[in-house]
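Down below is the structure, laid out as structure tokens.
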């Protein structure tokens, strides 16, 4: 099989991980050092810490290798550094309360309370800004690509559900 | 072969050789499929639909009791209102006081008791109606669900030919609206009819017992009602068919416009499409108006006859009261109340027959699908071959989509296990037909196709599908995540297997660049993929299916040359150690083929290795020369 069609699995035995002063990650594997690598969750909803793709920082974003199971394959600081990187990359505030949703000119203006504080964002009303992960779990992606999660629609009040109905 | 006897099913383009056993004719609800009372066919559908209500018998029995209770209460009310209130209480008949065991002269109390009994009767009717509505809401959705599921299951069982010969809009309408329409008569009218018929008979008996002359007067116009009903219902059935066709067209139009929006916009045909949509939409409206107009005529005629009956009864009754003193005024009021009660019962018959026409019309279409026999059926004793070597032998194969017009003729072919066969030919030569026959999507007319020496007709469907997979230019992405789409042929695949298949299909990188990776929702309501991306997902799907026989039908035709080169690497991996049949217009992609055949007008005109065919200087060499020249002009070769 050609080399590029192989999957290289990274773990603490074949990979060294270090955090840079600027908060980025460098890794060394197969005798090659890669700086400021990107960590990509290949299954961000159905397996957050499984099959994480480690990619180069350049535009090509070439895959260096995959981490099959972060909790199993890395320990200590290496795992903590990577967890931190993933949390920054996949930062998704959880919506606790919907204050208001105002529709104007094809856009919907959300005013919500999240676990990271109050937030206001805009989505296009008729575009698929809502990603339904299950019957009750929803991700909302705003015009700037920021994401907000509603983990359980059933926990919203009837009034909040009514406001969301048009998007669901 | 046994299967050949049943190979021209109804619903296919071929002559069905008669109706399906016990099934309705394929008629799309055309007039004549089922008459107004449809003759035997409508009653046949009626009995079949009744079976769907079998699991709900207890609920339906309760429902019928509520109808019966309501009917008894409704019959009791005129008696309380007329005979008891007017003739007994108001006339201060001492028998009433005695009946209620009241102290002498307490007529006010008797009046109160009668009024209370009247109020309780009315309240009881309302309560029973509420129970009916509740049971209705519980039973109907279940029956509709079961009918919809069965239609959908039946569609999945049917062969490709059925889908080619039926319009998408019509099929969608059958699943979406016909199932609901069918149940209308059974839930809204049948229980009421079953309980109201005895009520009707009881009312008639009471009327005759009260006064046979008045009773005859009140029923004298009944034959006219039956006549009106029969005439208008025939037309009603035709109109319901018309509405179905209009609804089918509107569904098809919507489907066309939504899936083909790019073409509509790129050619600036929005206005034309709006006009076309309005036209079909108007037809739905016209059909609906015609149905309503038809039944309004029935209603108008019924109302006229009802009023005429009431006038006749009051006229003749008044004559009896004033002149002969044969009956009392209270007696006449009671009788007139029974006549008034008779009217809704007759009107119910009118409404029920409208719903009957609509339900049986829909039932005809639904059972046309449920009863349709698939062209291709599994052998009664299928050969189980979980894994095959992949040897294919085709002997004297002839096939045509229509009788007397063969697309393939006398094809003989042998492909050794693990080898790659290239299939070359002009458009319409029969290349895709050949590979569809190997997948048993269609049945051969003559000759045989064997895999590892076993006729594919003897294979179990599961084993055949497991061992033969196809990657075609028509890649289809289902609504779901990327992972679900890749694992379509292997639903239980692990994440690791899915990723491995995607890597081998050169799809992993673009998937990782999507914000949600393998969890990204794609398909009808999800993220849009490019032609190359779709093709790579479909290759990943085939890699994960891991078939012993792989069919590549113009697998790279829908992508540009650069993408094709990128995909080719994955295809090379995919074809390794597998029997591969590859159809390609770009002959350069067939360089790795061990053997090539050239199909022309349904026959194999040339065969041999790449070099042998070039040396022959025939069709293949000519096509090769044309393509090399064309590509050289574009600077690609």
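Residue numbers (this note's numbering), protein chains in the order written: chain A, 150 to 317; chain B, 936 to 1572. Using N, Cα and C, we set each Cβ at its ideal position, and we do this for glycine too. Computed from a prediction, not measured in an experiment: that's the story for all the values here.
#1: Could you work out which residues of chain B lie near residue 195 of chain A, taking near to mean beta carbons separated by less than 9 Å?
#2: Distance check for residue 1243 of chain B and residue 1290 of chain B, CA to CA, integer angstroms please.
#3: Helix, strand or coil: which one does DSSP assign to residue 1091 of chain B?
#4: Counting only the same chain and skipping the five closest in sequence on each side, list residues whose C-beta sits under 7 Å from that of residue 1559 of chain B.
#5: Please list the partners that residue 183 of chain A has in chain B, where partner means a Cβ-to-Cβ separation under 7 Å.
#6: Against residue 212 of chain A, what residues of chain B qualify as contacts under a CB-to-CB distance less than 8 Å, listed in chain order?
#7: Is the number of C-beta pairs between the segment 1086-1098 of chain B and the segment 1160-1170 of chain B that are closer than 8 Å three or more?
#8: What's the gap between the Cα of residue 190 of chain A and the Cα of residue 155 of chain A?
#9: Per DSSP, what are the beta-bridge partners of residue 323 of chain A in this structure?
#10: Nearest CA to the CA of residue 1440 of chain B: which residue from B/1491, B/1450, B/1403, B/1415?
#11: Mapping DSSP to helix, strand and coil, what is residue 980 of chain B?
#12: Name the chain B residues that come within less than 7 Å of residue 202 of chain A, Cβ to Cβ?
#13: Helix, strand or coil, according to DSSP, for residue 218 of chain A in the structure here?
#14: Less than 8 Å between the beta carbons of residue 1117 of chain B and residue 1298 of chain B, yes or no?
#15: Please tell me whether residue 1539 of chain B has its Cβ less than 8 Å away from any Cβ of chain A.
#16: Can you check the segment 216-258 of chain A for any beta strand (DSSP E) of at least 3 residues that lies completely inside it and give the ranges in chain order?
#17: Is there contact here, the segment 1360-1375 of chain B with the segment 1455-1474 of chain B, by at least three beta-carbon pairs under 8 Å?
#18: With burial defined as no fewer than 16 other Cβ atoms inside 10 Å of the residue's Cβ, what is the status of residue 1186 of chain B: buried or exposed?
#19: Is residue 1198 of chain B helix, strand or coil when you go by DSSP?
#20: Here's the rule: buried if 16 or more other CB atoms are within 10 angstroms of the residue's CB, otherwise exposed. What is residue 1227 of chain B?
#21: Please decide whether residue 964 of chain B counts as near chain A, where near means a Cβ-Cβ distance under 8 Å.
#22: Closer than 8 Å, CB to CB, is residue 190 of chain A near chain B or not?
#23: Evaluate the contact criterion for the segment 1526-1546 of chain B versus the segment 1380-1397 of chain B: three or more CB pairs, one atom per stretch, below 8 Å.
#24: Check for me: the alpha helix (DSSP H) holding residue 186 of chain A runs from which residue to which?
#25: Contact criterion: CB-CB distance below 8 Å. Does residue 1434 of chain B meet it with respect to chain A?
#26: Anyone know if the C-beta pair for residue 1505 of chain B and residue 1295 of chain B falls short of 8 Å?
#27: Residue ranges of each alpha helix (DSSP H) run of no fewer than 4 residues wholly in the segment 1378-1404 of chain B, ordered along the chain?
#28: Can you list the alpha helix (DSSP H) stretches of 4 or more residues lying completely in the segment 1191-1246 of chain B, in chain order?
#29: Going straight from the alpha carbon of residue 1032 of chain B to that of residue 1048 of chain B, what length do you get?
#30: Could you tell me the boundaries of the alpha helix (DSSP H) in which residue 1031 of chain B lies?
#31: Tell me which same chain residues have a C-beta within less than 6 Å of the C-beta of residue 316 of chain A, skipping the five on either side of it?
#32: Report the partner residues of residue 1332 of chain B according to the DSSP bridge assignment.
#33: Could you pull out every unbroken beta strand (DSSP E) segment of at least 3 residues lying fully inside the segment 1466-1516 of chain B, listed in chain order?
#34: Pick out the complete alpha helix (DSSP H) segments inside the segment 155-210 of chain A, 4 residues or longer, and give them in chain order.
#35: Against residue 234 of chain A, what residues of chain B qualify as contacts under a CB-to-CB distance less than 8 Å, listed in chain order?
#36: Ordered along the chain, which non-local residues of its own chain (more than five positions away) have a Cβ less than 8 Å from that of residue 900 of chain B?
If we stick to the structure as given:
#1: In chain order: 1416, 1418, 1430, 1453, 1454.
#2: Distance between the alpha carbons of residue 1290 of chain B and residue 1243 of chain B: 26 Å.
#3: Taken through DSSP and simplified to helix, strand or coil, residue 1091 of chain B comes out as helix.
#4: 1522, 1549
#5: Correct list: empty, because the minimum Cβ distance to chain B is about 16 Å.
#6: 1443, 1444, 1447
#7: no
#8: Spanning the alpha carbons of residue 190 of chain A and residue 155 of chain A requires a straight line of approximately 19 Å.
#9: The question about residue 323 of chain A has no answer, for chain A in this structure spans 150 to 317.
#10: B/1491
#11: helix
#12: The answer, in chain order, is 1447.
#13: strand
#14: yes
#15: False, the Cβ-Cβ gap to chain A never drops below 8 Å.
#16: 244-253
#17: no
#18: buried
#19: helix
#20: exposed
#21: Here residue 964 of chain B scores only 37 on pLDDT, less than 50, and its place in the model should not be relied on; the value that follows carries that caveat. By this cut-off, residue 964 of chain B is not an interface position.
#22: yes
#23: no
#24: That residue, residue 186 of chain A, is in no alpha helix (DSSP H); it is neither H nor E in DSSP.
#25: yes
#26: no
#27: 1396-1402
#28: 1196-1201
#29: 11 Å
#30: 1029-1034
#31: 279
#32: B/1346.
#33: The segment 1466-1516 of chain B contains these whole beta strand (DSSP E) runs: 1484-1488.
#34: none
#35: Going along chain B, no residue has its Cβ under 8 Å from residue 234 of chain A, so there is no contact; the nearest lies around 15 Å.
#36: Given that chain B is displayed from residue 936 to residue 1572, the structure contains no residue 900 of chain B and the question cannot be resolved.
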